[in-house]
Amino acid sequence: QGGREANQVSDDYRYQHGNYEGYAPNDGYYRGRDEPAHEEDAQSDVTEGHDEDDEVYEGEYQGIPHPDDVKEKQKKRAPAMADEYRDHADLMAERMEDEEQLAHQYENIIEECGHGRFQWTLFFVLGLALMADGVEVFVVGFVLPSAEKDMCLTSSNKGMLGLIVYLGMMVGAVMLGGLADKLGRKKCLIISLSINAAFVFLSSFVQGYGFFLFCRLISGLGIGGSLPIVFAYFSEFLSREKRGEHLSWLCMFWMMGGIFASAMAWSIIPHYGWGFSMGTKYHFHSWRVFVLVCSLPCIASLVALKFMPESPRFLLEMGKHDEAWMILKHVHDTNMRAKGEPERVFTVSYIKTPKQVDEFIEIQSSTGTWYQRWLVRITTTFKQVWDNVLYCLTAQYRMNTLMLAVVWFTMALSYYGLIVWFPDMIRYLQEEAYESRVKIFDEEEVSHFTFNFTLENQIHRNGEYRYDKFIGMKFKEVRFEDSLFEECHFEDVTSIETFFENCTIISTVFFNTDLYEHKFINCRFINSTFLEEKEGCHLDFEEDNDFLIYLVSFLGSLSVLPGNIISALLMDKIGRIKMIGGSMLISAVCCFFLFFGNSESTMIGWQCLFCGASIAAWNALDVITVELYPTDKRATAFGILNGLCKFGAILGNSISASFVGITRVVPILLASSALVGGGLLALRLPETRDQVLM
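At position 278 of the sequence shown (counting the first as 1) the number is 278 in full-length UniProt numbering, and the numbers step up by one without a gap.
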């Protein structure tokens with residue numbers, strides 16, 4: 001009888017999920033399912049001192065599973081089997097409910113972790129990545145005058161080089177932003193910065209225009225992907241009260257990128273002798289040193305990022321609860337130690353994770369060849385990214401996405417268009433002033449004279465030059481019209497914007513010069529010889545306006561500092577929508593005053609005012625884009641909108657540059673009308689400063 005009672009008790013005390021079934025800890029008594037209450041004392045006496053772990057199931061040695069183990073496996077398998085037959089809409093509804101619960105719980109967890117040393121460390125690491133993006137925008141504009149000399153660039157080549165970076169950024173923002181929602185913020189940001197650093201390094205050494213163009217395209221692709229990732233990454237470590245302000249502070253690093261690029265260009269590029277040459281084919285001049293130096297913020301961020309954790313919010317979306325909990329505990333402990341409260345305990349024990357709906361394909365190592373396995377993984381990942389892109393256009397987000405797209409596009413069209421137009425207009429004003437000082441020589445006759453000095457900004461008409469020597473000299477902006485050269489000798493001559501038009505050249509020798517065929521317009525040659533023409537470009541004129549162009553960019557970048565500070569302090573007080581609308585409308589008013597900019601100093605002043613007024617709209621756009629979309633779509637949506645922004649930049653650059661020297665009405669009216677339309681539309685967007693991060 002004692003044996004039967006012991007077996008009966010062991011069956012009743014069935015261990016399920018770490019608890020004994022039927023055991024009610026409130027009153028300390030065990031209550032079986034059907035046994036009478038009077039048998040409790042007897043069962044307790046029989047089982048006293050009995051250890052269930054010592055009991056050997058009689059079928060164990062025959063390989064028969066214990067009935068309790070079978071029931072355990074069936075219970076664990078039941079939810080999965082149930083989900084398999086549930087409607088997809090039901091699963092998505094359940095996931096949405098889970099995400100809403102997670103959003104509120106995560107907000108409370110971040111508030112418990114506090115804002116301290118960890119967030120400030122991440123702030124500087126991600127700030128360096130944002131600084132690298134700012135540097136990339138300015139690099140090409142600064143190196144173009146010098147690269148033109150090394151690569152003999154035509155006007156169309158220079159235009160393409162200026163636009164190719166924006167094209168790469170556009171593709172990189174969409175592609176890498178989408179991948180960040182599937183592979184992780186940290187991993188994709190490392191990929192993005194690595195691509196940029198590698199191809200910036202290569203671009204500083206390559207000599208050919210085609211390869212240099214390709215390197216700048218890929219480097220732009222890399223750095224373009226960093227912008228949406230940086231804001232999504234940092235926002236997921238910020239509480240609702242801190243998010244608007246600190247994301248605005250983060251935007252200051254873009255300004256610092258422009259200041260850094262301007263200062264380095266000013267310090268390095270004018271020293272044209274810096275560098276080295278290997279024979280006559282390979283030249284490494286100062287502008288290439290400048291390109292190398294501009295990769296330093298990217299490399300510094302890449303190294304520091306190795307010591308940063310993945311976003312716990314992203315990990316929770318992927319169902320990786322334990323990893324996310326460990327990171328949040330690390331954030332909490334780091335901040336508490338910095339505040340002098342190391343004894344504070346992280347009280348969170350469990351965090352809600354949304355139901356996983358996506359199908360993840362796990363391919364065994366024995367299935368197919370290695371490239372087939374990688375092909376399946378890559379196509380599956382990109383299909384998920386494409387689904388995320390389409391999700392941003394579903395009914396729930398369609399209107400917000402379309403309105404944001406218009407605001408981003410109009411802002412980029414006006415801002416980037418005028419940012420290019422300002423320095424081009426200043427150059428045009430300088431050229432007008434330069435041409436007004438041109439010296440004209442009519443019907444001069446020179447014979448048996450040796451020219452060994454520089455001729456600059458001159459026009460020679462109906463002149464006669466006999467038995468003259470032009471040796472080791474330079475022509476800059478010189479034009480000979482209807483002139484005669486007889487028995488002359490040109491040797492080791494370099495020139496820029498120099499032309500011979502309707503000239504007669506008799507028995508003249510050109511040795512080691514860059515006076516190529518296209519520089520002679522409707523000229524007649526009689527017994528003249530060209531020997532050993534110069535190869536490549538050998539223009540080493542120091543441009544007087546280089547300093548001014550660097551100064552203009554430096555002041556334009558520095559002028560956004562007041563706007564950055566004001567937007568950061570007021571972002572959470574007046575809201576994102578009023579910040580965008582107000583900033584864009586004030587910027588539109590600034591555009592109209594450009595009609596009165598007839599001098600270099602006036603243009604510089606209006607540029608600084610325009611940049612300072614418009615930066616608040618950029619900051620608020622970054623913040624609201626982060627807050628309007630859920631975690632698993634955030635980087636994708638930001639990437640799409642930022643890619644559209646870069647398309648607007650390409651269009652704005654092309655339109656504004658084409659009207660320089662023709663009219664200023666079109667660029668100014670286009671920019672101001674775009675700002676007014678975008679600013680008014682922005683006022684219809686939903687305010688997000690009081691909502692938690694979904």
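Note that beta-carbon positions come from the ideal geometry of N, C-alpha and C, so glycine has one too.
Report task. To the nearest angstrom, report how far apart Cys523 and Arg437 are at their CA atoms. Result -> In the sequence shown, residue 523 corresponds to position 523, counting from 1. In the sequence shown, residue 437 corresponds to position 437, counting from 1. Rounded to whole angstroms, the separation of the alpha carbons of Arg437 and Cys523 is 27 Å.
Report task. Locate the beta strand (DSSP E) running through Arg689, then write down its first and last residues. Result -> Here residue 689 corresponds to residue number 689 of the sequence shown, with the count starting at 1. It is not in any beta strand (DSSP E) - Arg689 carries neither H nor E in the DSSP assignment.
Query - Rounded distance between the beta-carbons of Leu628 and Thr688, thought under 8 Å - result: Here the question's residue 688 lines up with position 688 in the sequence shown. Here the question's residue 628 lines up with position 628 in the sequence shown. Indeed, because the Cβ distance is near 6 Å, the residues count as touching under 8 Å.
Requested in this report: Would you grab the beta carbon distance between Ala635 and Gly177 for me? Rounded to a whole angstrom, and I think it's under 8 Å.
Outcome: Position 635 of the sequence shown, counted from the first residue, corresponds to residue 635. Position 177 of the sequence shown, counted from the first residue, corresponds to residue 177. About 5 Å separates the CB atoms of Ala635 and Gly177; that is less than 8 Å, so the two are in contact.
Requested in this report: Indicate the three-state DSSP secondary structure (helix, strand or coil) for Leu189 in the structure shown.
Outcome: The residue given as residue 189 occupies position 189 in the sequence shown. Correct three-state label for Leu189: helix.
Query raised in the report: How far does the beta strand (DSSP E) with Phe458 in it reach, from first residue to last?
Result: Within the sequence shown, numbered from 1, the residue matching residue 458 stands at position 458. At residue 458 the sequence reads Gln, which differs from the Phe that was named. 454-461 is the extent of the beta strand (DSSP E) around Gln458.
Query raised in the report: If we count the other Cβ atoms within 10 Å of its Cβ and call it buried at 16 or more, is Ile650 buried or exposed?
Result: The residue given as residue 650 occupies position 650 in the sequence shown. Flag for Ile650 reads buried.
**Report entry** Span separating the alpha-carbon of Val589 from that of Leu418
**Finding:** Taking the sequence shown and counting its residues from 1, one reaches residue 589 at position 589. Taking the sequence shown and counting its residues from 1, one reaches residue 418 at position 418. One C-alpha to the other measures close to 14 Å.
Query - Within the segment 381-463, ranges of the alpha helix (DSSP H) (whole runs, at least 4 residues) - result: You should have 398-436.
Query raised in the report: Is there contact here, the segment 96-114 with the segment 186-204, by at least three beta-carbon pairs under 8 Å?
Result: Too few Cβ pairs lie closer than 8 Å, so no.
Query raised in the report: DSSP three-state call for Asn619: helix, strand or coil?
Result: Position 619 of the sequence shown, counting from 1, holds the residue named residue 619. Residue state for Asn619 is assigned as helix, using DSSP reduced to three classes.
Query raised in the report: Using a Cβ-Cβ cut-off of 6 Å (strictly less than) and excluding sequence neighbours within five positions of Phe490, which residues of its own chain qualify?
Result: Numbered from 1 along the sequence shown, position 490 holds the residue referred to as residue 490. Around Phe490: Phe470, Phe510, Thr513.
Query - Member of Thr498, Val446, Glu136 whose CA lies at the smallest distance from the CA of Cys488 - result: Position 488 of the sequence shown, counting from 1, holds the residue named residue 488. For the set Thr498, Val446, Glu136, the Cα lying nearest the Cα of Cys488 is the one of Val446.
Query raised in the report: According to DSSP, which residues form a beta bridge with Glu100?
Result: Locating residue 100 in the sequence shown gives position 100, counting from the first residue. DSSP, once it has assigned bridges, lists no residue as partnering Glu100.
Query raised in the report: What's the C-alpha gap between Pro25 and Arg243?
Result: Position 25 of the sequence shown, counted from the start, is the residue given in the question as residue 25. Position 243 of the sequence shown, counted from the start, is the residue given in the question as residue 243. Low per-residue confidence applies at Pro25: pLDDT is 41, beneath 50, and the placement is therefore not dependable enough to give any value.
**Report entry** Which of helix, strand or coil DSSP assigns to Gly205
**Finding:** The sequence position of residue 205 within the sequence shown is 205, counting from 1. Checking the sequence, you will find Phe at residue 205 rather than Gly. Looking at Phe205 - three-state DSSP - the assignment turns out to be coil, as it is neither helix nor strand.
Query raised in the report: How is Asp482 classed by DSSP in three states: helix, strand or coil?
Result: Here residue 482 corresponds to residue number 482 of the sequence shown, with the count starting at 1. Assigned with DSSP and collapsed to three states, Asp482 falls in coil, not helix or strand.
Report task. Check whether the Cβ atoms of Leu305 and Ile190 sit closer than 9 Å, and answer yes or no. Result -> As a working note, residue 305 is residue 305 in the sequence shown. As a working note, residue 190 is residue 190 in the sequence shown. Yes, the pair counts as a contact, with Cβ atoms nearer than the cut-off.
Query raised in the report: Between Asn457 and Glu477, is the Cβ-Cβ spacing less than 9 Å?
Result: Counting from one through the sequence shown, the residue named residue 457 turns up at place 457. Counting from one through the sequence shown, the residue named residue 477 turns up at place 477. Yes, the pair counts as a contact, with Cβ atoms nearer than the cut-off.
**Report entry** Complete alpha helix (DSSP H) runs within the segment 278-363 (minimum length 4 residues, chain order)
**Finding:** Entirely contained in the segment 278-363, the alpha helix (DSSP H) runs reaching 4 residues are, in chain order, 286-293, 296-305, 312-317, 321-338.
Report task. Please state whether DSSP places Glu236 in a helix, a strand or coil. Result -> Counting from one through the sequence shown, the residue named residue 236 turns up at place 236. If DSSP states are grouped into helix, strand and coil, Glu236 belongs with coil.
Query - In chain order, each alpha helix (DSSP H) run of at least 4 residues that lies wholly inside the segment 92-179 - result: Entirely contained in the segment 92-179, the alpha helix (DSSP H) runs reaching 4 residues are, in chain order, 117-151.
Requested in this report: Please report the residue range of the beta strand (DSSP E) in which Ser495 lies.
Outcome: Locating residue 495 in the sequence shown gives position 495, where the first residue counts as 1. According to the DSSP assignment, Ser495 belongs to the beta strand (DSSP E) that extends over 489-496.
Query raised in the report: Do the CB positions of Gly258 and Phe554 come within less than 9 Å of each other?
Result: The residue you call residue 258 lines up with position 258 of the sequence shown. The residue you call residue 554 lines up with position 554 of the sequence shown. The beta carbons of Gly258 and Phe554 sit closer together than 9 Å.
Query raised in the report: Val509 lies in the alpha helix (DSSP H); which residues open and close that run?
Result: By one-based count along the sequence shown, residue 509 stands at place 509. Run containing Val509: none in the alpha helix (DSSP H); it sits in the beta strand (DSSP E), 509-513.
Requested in this report: Go to residue 698, then tell me how far its beta strand (DSSP E) extends in each direction, as first and last residue.
Outcome: Any question about residue 698 goes unanswered here, given that the chain covers just 1 to 694.
Query raised in the report: Thinking C-beta only, is Leu247 closer than 9 Å to Asp622?
Result: Translated into positions along the sequence shown, residue 622 becomes position 622. Translated into positions along the sequence shown, residue 247 becomes position 247. By the CB criterion at 9 Å, Asp622 and Leu247 fall inside the cutoff.
Query raised in the report: If you pair each beta-carbon of the segment 160-167 with each one of the segment 211-226, do three or more pairs fall below 8 Å?
Result: Judged by Cβ distances under 8 Å, the segment 160-167 makes contact with the segment 211-226, as three or more pairs qualify.
Query raised in the report: Excluding five sequence neighbours on each side, which residues of the same chain lie with their C-beta closer than 8 Å to the C-beta of Cys215?
Result: Start at 1 with the first residue of the sequence shown, and residue 215 comes out as number 215. Contacts found: Phe199, Val200, Leu202, Ser203, Val206.
Query - Residue nearest to Pro686 in terms of C-alpha spacing, selected from Met399, Leu375, Val303 - result: Position 686 of the sequence shown, counted from the start, is the residue given in the question as residue 686. For Pro686, the closest of Met399, Leu375, Val303 by C-alpha to C-alpha distance is Met399.
Query raised in the report: Short check: CB of Leu179 to CB of Thr381, under 9 Å?
Result: If you number the sequence shown from 1, residue 179 lands on position 179. If you number the sequence shown from 1, residue 381 lands on position 381. Yes, Cβ-Cβ distance for Leu179 and Thr381 is below 9 Å.
Report task. Indicate whether the contact test is met: 3 or more Cβ pairs, each with one atom in the segment 98-116 and one in the segment 334-350, closer than 8 Å. Result -> Result yes; three or more Cβ-Cβ pairs closer than 8 Å.
Report task. Determine the direct distance from the alpha carbon of Ser311 to that of Ile624, and round the result to whole angstroms. Result -> Residue mapping note: residue 624 aligns to position 624 of the sequence shown, counting from 1. Residue mapping note: residue 311 aligns to position 311 of the sequence shown, counting from 1. Taking the CA atoms as reference points, Ile624 sits about 19 Å from Ser311.
**Report entry** Whether Phe138 touches Glu236 by CB criterion (9 Å)
**Finding:** Along the sequence shown, one-based indexing puts residue 138 at 138. Along the sequence shown, one-based indexing puts residue 236 at 236. No, the Cβ-Cβ distance between Phe138 and Glu236 is not below 9 Å.
Query raised in the report: Among residues of its own chain, excluding the 5 on either side of Phe231, which ones have a beta-carbon nearer than 7 Å to its beta-carbon?
Result: Sequence index remark: in the sequence shown, residue 231 carries index 231 (1-based). Answer for Phe231: Leu247, Asp622, Val626, Phe638, listed in chain order.
Query raised in the report: Between the segment 672-683 and the segment 402-410, are three or more C-beta pairs nearer than 8 Å?
Result: Yes, the segment 672-683 touches the segment 402-410.
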